[in-house]
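**Q** One structure coming up, written as structure tokens, with questions to follow.
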Amino acid sequence: MKKKLRTDQLNSSKTFSFEDNLVLPMIYGESDKFLKTIEKNLDIEAITRGNIIKLNGAEENINLAQKILENLYNLALKNNEIDEGEIFGLVNMAKNSLSSKVDLDVEQIESLCFKAGRKLIKPRTKKQADYFNLIKKYQMVFCCGPAGTGKTYLAVAFAVWMLKTGQIEKIILTRPAVEAGERLGFLPGDLKEKIDPYLRPIYDALNDMLSFSEVLKKIDAGFIEIAPLAFMRGRTLSNAFIILDESQNTTAVQMKMFLTRLGENSKMIINGDLSQVDLPSGTKSGLRESINILNDVKEIGFIRFNEKDVVRNPLVSKIVSKYEGFEKSEGVGKEYISKYKKNDRG
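Here numbering that gives the first Met the number 0 is used: position 57 in the sequence shown is 56, and no number is missing along the way.
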């Protein structure tokens, strides 16, 4: 395929080839969709002839494009699934490395891969790689950021991996059902049927890594517990991987209750997005308060994702960026953001 570049962009070129051209359709994507994404985002031109590819553009851009393509080639040789998210992740890391003047370390990213059930999990942004390392290092990690950055998905994946490898005995997944409030009683069905809609994202993540029947078996056997936050009161959670999702919707009292449930040989991940608080007006977010209180505790990991870490549709990243710009201009969450920048530990 060929992309028309401005004259000032055609200052370098590089030609290289792939040994096995049978896997090239996996790398380039249907109708060269993946290759077009790389071209567009790195401002390069790609010309393909069989197993030979020529890249035109700025030298640093074509070097990054070559690294991306070679990484995709190695994935294809291993029969690993390549999807649009994989492409966006590699492109985002490449663009971030350009702006930060840091080399794109594909090998480091590959070293963090692990198998969660039937799914190969790997970081798709530098911040996701930092998130992986924080979970490995700390018993407790606060992760905050916009939708589409993989906060919940990666935490669930890590939990599945630790359960499968025998490092923990149980996965506990919880979130507040705050959106329903007192209206919960008016929903049809028993308690499980009332709260399931609020836990659906957690079920979706589990079902992506384990078969539906395996998820049900592990829930029935008690290896996986999915429950609303209120069910955590009075418990000590040991030998477990505990994830609190949508934690921006906890109150200060609920958050303190949850954090003090941590027992021996357990990990606790607290995920949330402070731009999407559904608490009644005037109610403090437990997530915001806990970050302000605990930010100098060295045994706790903190990380904040931003729009550059969104691995969903690129439009989501643009929407998040626009909202973050608006909120910054309005001073929304100013205290929280400054503390996170000061204490982000990765």
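Ideal Cβ placement from N, Cα and C applies to all residues, glycine included.
Note that the structure is a prediction, hence the values are computed from the model and not measured.
Measure how close the beta-carbons of D308 and G116 come, nearest whole angstrom, since I'm counting them as under 8 Å.
**A** The pair is not a contact, with the Cβ atoms about 24 Å apart (cut-off 8 Å).
**Q** For A128, which beta-bridge partners are listed by DSSP?
**A** Its beta-bridge partners do not exist; DSSP assigns none.
**Q** Taking the alpha-carbon of M139 as reference, which of L261, F325, S16 has the nearest alpha-carbon?
**A** Selected option, being the one with the closest Cα: L261.
**Q** Using only alpha-carbon positions, find the residue among K94, G233, Y137, E85 that is nearest to C112.
**A** Ranking K94, G233, Y137, E85 by Cα distance to C112 puts E85 first.
**Q** In chain order, what are the residue ranges of uninterrupted beta strand (DSSP E) at least 3 long that sit wholly in the segment 192-249?
**A** For the segment 192-249, whole beta strand (DSSP E) runs of length 3 or above, ordered along the chain, are 223-227, 239-243.
**Q** From this set, K35, L236, V319, which residue's C-alpha is nearest Q275's C-alpha?
**A** If we check each option's Cα against that of Q275, V319 comes out closest.
**Q** Do N155 and I201 have their C-beta atoms within less than 8 Å of each other?
**A** Here residue 155 is Val; the residue named in the question, Asn, does not match the sequence. Against a cut-off of 8 Å, the Cβ pair of I201 and V155 comes out as a contact.
**Q** Along the chain, where does the alpha helix (DSSP H) containing V155 start, and where does it finish?
**A** Element bounds for V155: 150-163.
**Q** When you compare each of K118, T14, K114 to E69 by their alpha carbons, which one comes out closest?
**A** Nearest C-alpha to E69: T14.
**Q** Compare the C-alpha of R48 against each of S280, M267, D31 and name the closest.
**A** Minimum Cα distance to R48 is reached at D31.
**Q** Between the C-alpha atoms of K198 and T173, what's the straight-line distance to the nearest angstrom?
**A** In the sequence on display, residue 198 carries Leu and not Lys. Rounded to whole angstroms, L198 to T173 spans 8 Å at the Cα level.
**Q** So, does the segment 249-264 touch the segment 272-288, judging by three or more C-beta pairs under 8 Å?
**A** Touching, per the Cβ criterion.
**Q** So for A176, helix, strand or coil by DSSP?
**A** It is coil, neither helix nor strand.
**Q** Starting from the Cα of K271, find the closest Cα among T124, A146, A93 and give me that residue.
**A** It is worth fixing the name first, because residue 271 is Gly in this sequence and not Lys. The candidate whose alpha carbon is nearest that of G271 is A146.
**Q** Quick one: using the 10 Å Cβ neighbour count with 16 as the cut-off for buried, is V22 buried or exposed?
**A** Flag for V22 reads buried.
**Q** To the nearest whole angstrom, what separates the beta carbons of L71 and I26, a pair I think is in contact under 8 Å?
**A** Sure, about 5 Å apart at Cβ, within 8 Å.
**Q** Where do the ends of the alpha helix (DSSP H) carrying R287 lie?
**A** Taken as a continuous stretch (DSSP letters only), the alpha helix (DSSP H) holding R287 covers 285-293.
**Q** For C142, which beta-bridge partners are listed by DSSP?
**A** C142 pairs with N270, I302.
**Q** Label I292 either buried or exposed according to how many other C-beta atoms from any shown protein chain fall within 10 Å of its C-beta, with 16 as the threshold for buried.
**A** Exposed, because fewer than 16 other Cβ atoms sit within 10 Å of the Cβ of I292.
**Q** Write down every uninterrupted run of the alpha helix (DSSP H) in the segment 24-76 whose length is 4 residues or greater and which is fully enclosed by it, in chain order.
**A** Listed in chain order, the complete alpha helix (DSSP H) runs (minimum 4 residues) inside the segment 24-76 are 32-41, 58-76.
**Q** Classify V296 as buried or exposed, calling it buried when 16 or more other Cβ atoms lie within 10 Å of its own Cβ.
**A** Burial call: exposed.
**Q** Count the other C-beta atoms from every protein chain shown that fall within 10 angstroms of the C-beta of N353, then say buried if there are 16 or more, exposed otherwise.
**A** Outside the displayed span of the chain (0 to 345) sits residue 353, for which this structure offers no information.
**Q** In this structure, what does DSSP give as the bridge partners for K13?
**A** Answer is L54, bridged to K13.
**Q** On the three-state DSSP scale, how would you describe L261?
**A** DSSP places L261 in strand when its eight states are reduced to three.
**Q** Which residues bound the beta strand (DSSP E) around K114?
**A** Where K114 is concerned, the enclosing beta strand (DSSP E) stretches over 113-115.
**Q** Using only the alpha-carbon positions, how far apart do I171 and I134 sit?
**A** Cα to Cα, I171 sits roughly 16 Å from I134.
**Q** Would you call the CB atoms of L152 and A204 closer than 8 Å?
**A** Looking at the sequence shown, residue 152 is not Leu but Tyr. Yes. Within cutoff.
**Q** Quick check on the burial criterion: 16 or more other C-beta atoms within 10 angstroms. Buried or exposed for F325?
**A** F325 is exposed by the Cβ-count criterion.
**Q** From which residue to which residue does the beta strand (DSSP E) around L119 run?
**A** Residues 118-120.
**Q** Taking the CB atoms as reference points, tell me whether D19 and L74 lie closer together than 8 Å.
**A** No, these two residues do not count as a Cβ contact at 8 Å.
**Q** Thinking F257 and L243 are a contact (beta carbons under 8 Å), I'd like their distance in whole angstroms, please.
**A** Right, their Cβ atoms sit about 6 Å apart.
**Q** Could you check what DSSP says for I171 in three-state terms: helix, strand or coil?
**A** Residue state, collapsed to three classes: strand.
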